[in-house]
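Everything below concerns the one structure shown next.
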Amino acid sequence: MNKRRIVFLSICTLAIVIFAISCSSKRPESKKTPSPKQIATPAPEPKPEPKPEPQPQPEPQPEPEPQQPQQPAGELEVIASFETTILDMSESRLNNINIASQKITGHIVQPGEVFSFNEVVGERTSERGFQKATAIIREEKVYEEGGGVCQVSSTLYNAALKAGMEIIERHSHSRDVHYIPQGQDAAVSYGYKDFKFRNTKDFPIRTEAYVKGNKMIAAILRAE
Numbered sequence: 186m187n188k189r190r191i192v193f194l195s196i197c198t199l200a201i202v203i204f205a206i207s208c209s210s211k212r213p214e215s216k217k218t219p220s221p222k223q224i225a226t227p228a229p230e231p232k233p234e235p236k237p238e239p240q241p242q243p244e245p246q247p248e249p250e251p252q253q254p255q256q257p258a259g260e261l262e263v264i265a266s267f268e269t270t271i272l273d274m275s276e277s278r279l280n281n282i283n284i285a286s287q288k289i290t291g292h293i294v295q296p297g298e299v300f301s302f303n304e305v306v307g308e309r310t311s312e313r314g315f316q317k318a319t320a321i322i323r324e325e326k327v328y329e330e331g332g333g334v335c336q337v338s339s340t341l342y343n344a345a346l347k348a349g350m351e352i353i354e355r356h357s358h359s360r361d362v363h364y365i366p367q368g369q370d371a372a373v374s375y376g377y378k379d380f381k382f383r384n385t386k387d388f389p390i391r392t393e394a395y396v397k398g399n400k401m402i403a404a405i406l407r408a409e
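For what it's worth, this note's numbering labels the leading residue of the sequence shown as 186, then goes sequentially.
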């Protein structure tokens, strides 16, 4: 009886195992859910750099015209002119020549009136801007205030001669000067030697004097 029971139990156990195995083999496999595909994000296109706006170019400025030396007025009729060469271009001598020239320029001489160099130019002193430069006194070369103004008076003397003015007073230097031919100079010394001429025209005249380069120029012009 026990053997039958044991055999029966063994058969039941074996049947249960076989049934369990068959059930497990028929169980459907779980499907794996596919992961979503990764879509590559396109890289942003580089923005074009803004082009720099053209800067306005400054307009070229005209170069200033060089200052012209003082010259006789172009509107006036030049009766006569004369020039001499400045051999001594030292600063002090040129200073004196320029001061005397400025005093003379624009001076009006009426018909029959007498022009006096010393009266027009005035005393040559340091207070009036004159400097010490070479001058001839008693046949000697010395340094005195106003040295060089004799070249202005000598140049103006020759312009006055050419213009037909009457020479009232004129002195030669005690020794030759090299900026003008012998006998054509007009030495001046304030309070001692003067250069004077009379206007012989029937109209007023104007005296002019200026430096251009190494030239001393004097002129007599019609003032009207």
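Note that CB positions come from ideal geometry on N, CA and C, so glycine has one too. Note that the coordinates shown come from a computational prediction; the quantities given were computed from them, not determined experimentally.
Helix, strand or coil at residue i [DSSP, three-state]
i: Arg407; result: strand
i: Ile402; result: strand
i: Tyr342; result: helix
i: Thr290; result: coil
i: Gln255; result: Only weak support is given to the placement of Gln255: the predicted model assigns it a pLDDT of 46, under 50, and the question is left unresolved by the model.
i: Thr198; result: helix
i: Val299; result: strand
i: Val362; result: coil
i: Ile271; result: coil
i: Glu312; result: helix
i: Glu250; result: With a pLDDT of only 43 at Glu250, under 50, the local geometry of the prediction cannot be trusted, and the value read off the model is given with reservation. In this structure, Glu250 counts as coil in the three-state DSSP scheme.
i: Glu329; result: strand
i: Ser357; result: coil
i: Pro213; result: Because the pLDDT of Pro213 is 48, which lies under 50, any placement of that residue in the model is unreliable, and the number read from its coordinates should be weighed accordingly. Reduced to three states, the DSSP call for Pro213 is coil.
According to DSSP, residues forming a beta bridge with residue i
i: Glu351; result: Arg383
i: Lys378; result: Ser374
i: Glu260; result: In the DSSP output, where bridge partners are listed per residue, Glu260 has none listed.
i: Val334; result: Answer is none; Val334 lacks a bridge partner.
Rounded Cβ spacing between residue i and residue j (contact assumed at less than 8 Å)
i: Phe380; j: Phe302; result: 4 Å
i: Thr340; j: Ala403; result: 4 Å
Distance CB(residue i)-CB(residue j) smaller than 7 Å
i: Met350; j: Thr269; result: no
i: Val337; j: Ile282; result: yes
i: Ser311; j: Glu330; result: yes
i: Tyr375; j: Glu304; result: no
Through-space distance from residue j to residue i, alpha-carbon basis
i: Gly291; j: Glu298; result: 15 Å
i: Thr392; j: Leu279; result: 20 Å
i: Ile353; j: Arg383; result: 7 Å
i: Lys378; j: Gly333; result: 15 Å
i: Asp164; j: Tyr342; result: Any answer about residue 164 is impossible in this case: the structure gives the chain only from 186 up to 409.
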